[in-house]
Structure formats: structure tokens, C-alpha cells
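Going by the numbering used here, the final residue of the sequence shown carries number 240, and the count climbs one at a time with no gaps.
In what follows, a structure is listed as C-alpha cells, so that the remarks can point back to it.
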Amino acid sequence: MKSIAALALAMTVAPVASNAASGANDDVSSVAPALERYEQETLEKGLWARPGLSARDRSVVTVAAVITRNQMGLMPEQIRRALDNGVKPAELSEIITHLAFYAGWGNAMAAVDAARPVYA
């Protein structure tokens, strides 16, 4: 049950994690300081640091979740993180293609637009 609660929390704060990483940290802390703290402690130092998956595998899962949820505002940061964690551009392309059939064609096409700078 604790892992379900942790996953639910992580999925809830995922958008904040992206904003914090892209420089909106001050905005979050001025409005909801506890939310920023949860992002740092629970997501960055907790979930992403767990030993069960490599950072690369976590990035693959996260990119897939972002595409599936059509949260394209998160894509630039998650793509950057995935590339930093060793995911290759060809693998990102394959993830997007694969998810077209599981997450919806529209979500995949939105991901193509969000990922386009990687291939420019």
C-alpha cells in the first residue's frame, strides 16, 4: 500500500518536478513551499534515487507516462533528462511510435512535436 501511495504522490508532483528543474522553482516555493520540498525529497531524492531501476530505465518509464498522459509541457525536461541518462534519440523515436498504438495516435503526434528539437 505504501508503494501505491508513493506512486500516486509521484504522479501528482511530476509536473512540479519538471517546472522546478526548468527554473520555476522560485514560483513554486513562493506559492507552495511544502510542494517544492515534497518534489525534492520525495521525487528527486526518493523515487529517482531508488535502486530498483536505473536512471535510464526510470527515464524511459517517465517519458512513456508523460506521453500517455499527454502532458507535453513536461516533455522537454523529461527528454533532456532521458538523453542525459543514456536514452538514445532512436530509442525515443521508438517509444513514441510504440505508444501511438497504446496511448493514442494524437498523444504520439503531440510527442513528435515536443521531441522535434532533439532531431533538428
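Ideal placement from N, C-alpha and C gives every residue a C-beta, glycine not left out.
Check: Would you kindly report the start and end of the unbroken alpha helix (DSSP H) that includes Pro171?; Outcome: Run containing Pro171: none; DSSP gives neither H nor E here.
Check: Among Gln160, Val181, Pro171 and Ala240, which has the Cα closest to the Cα of Ile215?; Outcome: Val181
Check: Can you have a look at Met195 and say buried or exposed, based on whether 16 or more other CB atoms are within 10 angstroms of its CB?; Outcome: buried
Check: What do you get for Leu173, buried or exposed, if any count of 16 or more other CB atoms within 10 angstroms of its CB means buried?; Outcome: exposed
Check: What are the boundary residues of the alpha helix (DSSP H) that includes Gln198?; Outcome: Met195 to Asp204
Check: In terms of residues, what are the limits of the alpha helix (DSSP H) holding Pro153?; Outcome: Pro153 to Tyr158
Check: Note the first and the last residue of the continuous alpha helix (DSSP H) segment covering Met192.; Outcome: Element bounds for Met192: n/a, residue is neither H nor E.
Check: Residues in the same chain with beta-carbon distance under 7 Å from Ala184, minus the five sequence neighbours each way, listed in chain order, please.; Outcome: Ile215 and Leu219
Check: So, Arg176 versus Val207, is the Cβ gap smaller than 7 Å?; Outcome: yes
Check: Taking a contact to mean a Cβ-Cβ separation below 7 Å, would you say Ala230 touches Met192 in this structure?; Outcome: yes
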